[in-house]
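There are 2 protein chains.
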Amino acid sequence: MVILLNFFVIGAGNCTNVIAKDLFSKVSNVYIFDSSKEKVEELKKVYSNVIYSDFSDIDKLNIDYVIECASVDAVIRYSEKILDLNTNYVIISSGAFGDDLFRERFMEKLNVSNCNVFIPSGAVGGIDLIHSLGDSVEKIVLNTRKSPKSFGIDTFEEKIIFEGGCKEAIKRFPQNINVAITLALAVKDFEKVHVIITADPYVKSNSHNITIESKIGRYSLNLENYPSDNAKTSLLAPLSIIGLINKLNNNFKVGV
Amino acid sequence: MVILLNFFVIGAGNCTNVIAKDLFSKVSNVYIFDSSKEKVEELKKVYSNVIYSDFSDIDKLNIDYVIECASVDAVIRYSEKILDLNTNYVIISSGAFGDDLFRERFMEKLNVSNCNVFIPSGAVGGIDLIHSLGDSVEKIVLNTRKSPKSFGIDTFEEKIIFEGGCKEAIKRFPQNINVAITLALAVKDFEKVHVIITADPYVKSNSHNITIESKIGRYSLNLENYPSDNAKTSLLAPLSIIGLINKLNNNFKVGV
Chain E
105 MVILLNFFVI GAGNCTNVIA KDLFSKVSNV YIFDSSKEKV EELKKVYSNV
155 IYSDFSDIDK LNIDYVIECA SVDAVIRYSE KILDLNTNYV IISSGAFGDD
205 LFRERFMEKL NVSNCNVFIP SGAVGGIDLI HSLGDSVEKI VLNTRKSPKS
255 FGIDTFEEKI IFEGGCKEAI KRFPQNINVA ITLALAVKDF EKVHVIITAD
305 PYVKSNSHNI TIESKIGRYS LNLENYPSDN AKTSLLAPLS IIGLINKLNN
355 NFKVGV
Chain G
105 MVILLNFFVI GAGNCTNVIA KDLFSKVSNV YIFDSSKEKV EELKKVYSNV
155 IYSDFSDIDK LNIDYVIECA SVDAVIRYSE KILDLNTNYV IISSGAFGDD
205 LFRERFMEKL NVSNCNVFIP SGAVGGIDLI HSLGDSVEKI VLNTRKSPKS
255 FGIDTFEEKI IFEGGCKEAI KRFPQNINVA ITLALAVKDF EKVHVIITAD
305 PYVKSNSHNI TIESKIGRYS LNLENYPSDN AKTSLLAPLS IIGLINKLNN
355 NFKVGV
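Residue numbers (this note's numbering), protein chains in the order written: chain E, 105 to 360; chain G, 105 to 360.
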């Protein structure tokens, strides 16, 4: 299946390498911008349709999807120009929307743009359930478990090291930011998302537990990712970009 | 917010009454077909934009969304004509796709149609997670708990009354069909979906537990719906239609 689409990907790191495996062979051209041109050259060796492009040239190209696979900073820096393009814009570093000023300016601009912005489910799931529940959601509790080592502490038993609101959590633990913000964006209310961060010496990889309390029922989702080569980034996040793009380009779509 | 859209809704029962509350005031015209014209008249008293229409007139109208809120039989009976309309077609009775012959004919016709078909998450969630995991999914286990009464049995302790493949389950327990088939459609493989049905005297309402085993992690989702007026249908199913339509008509979309 070759879809006649052009991608513009921001970032040529781990996330881009994961999505490349499934998506790049399906599309026409993949323009990639990264501050390291060498990383793009590496991808070019494997995928013949990869073309290095400066971000400043983006408006001269005919792009169907801009895919951000870089960082919160990149989202903040490049979004304004991308929203002028009237294209599809996929943002994996949803944490950018934790910045109130940025979020307000972004939404104002989106209101007068023909862009479609997509925030994939990232390292979590059940976003469909949050959409279905809508206003009936009363509270979402995200409990993230990581090894004590990742917080620079040493403990033999599990220990809650943070418990509080979404915004406070992202200030103090920015490495956990995307998951909490994606949940807050789905439920459209930062106040409804409560975060617990647990140091757990028995956890093999990062795990998340999400509990959704609503007027119509109680739902919980447990995500236990097996350890992967790159422990810093969940493999599930780039996979959710693949899932999203494949779904958008299929005329039989399952799920909200 | 009024979206300039016309709906054609099949069925005027409980599901339609739920979606009406959120969606009908947002759109131009809502044509409804039901074998009971009286039910449509009842809706018309509340929503002034409701118009009764025979299904046979559907091709004379200008429809943006056909929304099936009726039954597996309705999906099987009406889909062929709907796929000729080149419109958006939302199907809540996903169980229809458990019929191999129907599914094959439907997919063949969809391949040469400009329709977009949407199967909302229905009474479950985590369909986004299944999309993200893609081919790495090895097995999905759906464990549905209902009161012993709903199976016409009497027991003081929980009892597994069925364990087996998805297709066998839907033959023997057709009332549970939509959830199992939606999972199978999401993972694109009926063989990967395993069903357990438990009679549980301590369950207050139907509950589902979904476990997803994949190459990259293990995920489980627990759905506990509070008892509602209409115990036969999960309230979550019509709510997922609302979530879907609202998401499709918003240019900031969260989730796969």
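Virtual Cβ for every residue (Gly too), placed ideally from N, Cα, C.
Verify the CB distance criterion: does residue i have a CB-CB separation below 8 Å to chain E?
i, result
"isoleucine 223(G)", "yes"
"tyrosine 323(G)", "yes"
"asparagine 355(G)", "yes"
"serine 183(G)", "no"
"histidine 298(G)", "no"
"alanine 124(G)", "no"
"threonine 286(G)", "yes"
"glutamate 317(G)", "no"
"isoleucine 320(G)", "yes"
"asparagine 361(G)", "Here chain G has residues from 105 to 360 only, and residue 361(G) is not among them."
"glycine 269(G)", "no"
"alanine 178(G)", "no"
"isoleucine 346(G)", "yes"
"alanine 290(G)", "yes"
"glycine 238(G)", "yes"
"leucine 343(G)", "yes"
Is the separation between the beta-carbon of residue i and that of residue j shorter than 8 Å?
i, j, result
"serine 318(E)", "valine 241(E)", "yes"
"serine 236(G)", "serine 344(E)", "yes"
"alanine 124(G)", "tyrosine 151(G)", "yes"
"asparagine 410(E)", "aspartate 168(E)", "The displayed coordinates of chain E run from 105 to 360. Any statement about residue 410(E) would go beyond what the structure contains."
"threonine 286(G)", "isoleucine 223(G)", "yes"
"valine 358(G)", "alanine 290(E)", "yes"
"asparagine 310(E)", "threonine 259(E)", "no"
"valine 221(G)", "leucine 348(G)", "no"
"leucine 339(E)", "valine 122(E)", "yes"
"isoleucine 320(G)", "tyrosine 330(E)", "yes"
"asparagine 393(G)", "isoleucine 107(G)", "Outside the displayed range of chain G (105 to 360) lies residue 393(G), so it cannot be described from this structure."
"isoleucine 114(G)", "cysteine 173(G)", "yes"
"leucine 165(G)", "valine 154(G)", "no"
"lysine 213(G)", "leucine 187(G)", "yes"
"aspartate 232(G)", "aspartate 232(E)", "yes"
"phenylalanine 112(E)", "valine 170(E)", "yes"
Considering only residues of the same chain and omitting the five flanking positions on each side of residue i, which have a CB-CB separation below 8 Å?
i, result
"glycine 230(G)", "Ile314, Ile316, Tyr323, Leu325"
"alanine 341(E)", "Cys119, Ile196, Pro224, Gly226, Ala227, Asn282"
"asparagine 218(E)", "Asn190"
Apart from the five residues on each side of it in sequence, which residues of its chain come closer than 7 Å, Cβ to Cβ, to residue i?
i, result
"alanine 284(G)", "Leu246, Cys270, Ala273, Ile274, Val297, Val299"
"alanine 200(E)", "Val176, Val179, Ile180, Phe206"
"aspartate 138(E)", "Gly115, Ala116, Val144"
"aspartate 239(G)", "none"
"serine 332(G)", "Leu339"
Please state whether DSSP places residue i in a helix, a strand or coil.
i, result
"asparagine 350(E)", "helix"
"aspartate 197(E)", "According to the sequence provided, residue 197(E) is serine. The question's aspartate does not apply to it. In this structure, serine 197(E) counts as coil in the three-state DSSP scheme."
"glycine 115(E)", "coil"
"serine 324(G)", "strand"
"isoleucine 107(E)", "coil"
"lysine 213(G)", "helix"
"alanine 227(G)", "coil"
"serine 344(E)", "helix"
Excluding the five sequence neighbours on either side, which residues of its own chain have a C-beta within less than 6 Å of the C-beta of residue i, listed in chain order?
i, result
"phenylalanine 128(E)", "Val134, Tyr151"
"glutamate 262(E)", "Thr302, Asp304"
"glutamate 267(E)", "Ile300"
"serine 198(E)", "Ile223, Asn282, Ile285, Thr286"
Counting contacts by CB-CB distance shorter than 8 Å, is residue i in contact with chain B?
i, result
"serine 139(G)", "Here the protein chains are E and G, and chain B is not one of them."
Does any residue of chain G bring its CB to less than 8 Å from the CB of residue i?
i, result
"glycine 256(E)", "no"
"cysteine 119(E)", "no"
"alanine 273(E)", "no"
"tyrosine 391(E)", "Missing from the structure shown is residue 391(E); chain E here goes from 105 to 360 and no further."
"asparagine 220(E)", "yes"
"aspartate 293(E)", "no"
"leucine 127(E)", "no"
"glycine 202(E)", "no"
"aspartate 232(E)", "yes"
"valine 360(E)", "yes"
"lysine 351(E)", "yes"
"leucine 187(E)", "no"
Those runs of the beta strand (DSSP E) which lie wholly inside the stretch 236-298 of chain E and span at least 3 residues: 241-250, 263-269
Length-filtered (3 minimum) beta strand (DSSP E) runs lying within the stretch 118-184 of chain E: 133-137, 154-156, 169-172
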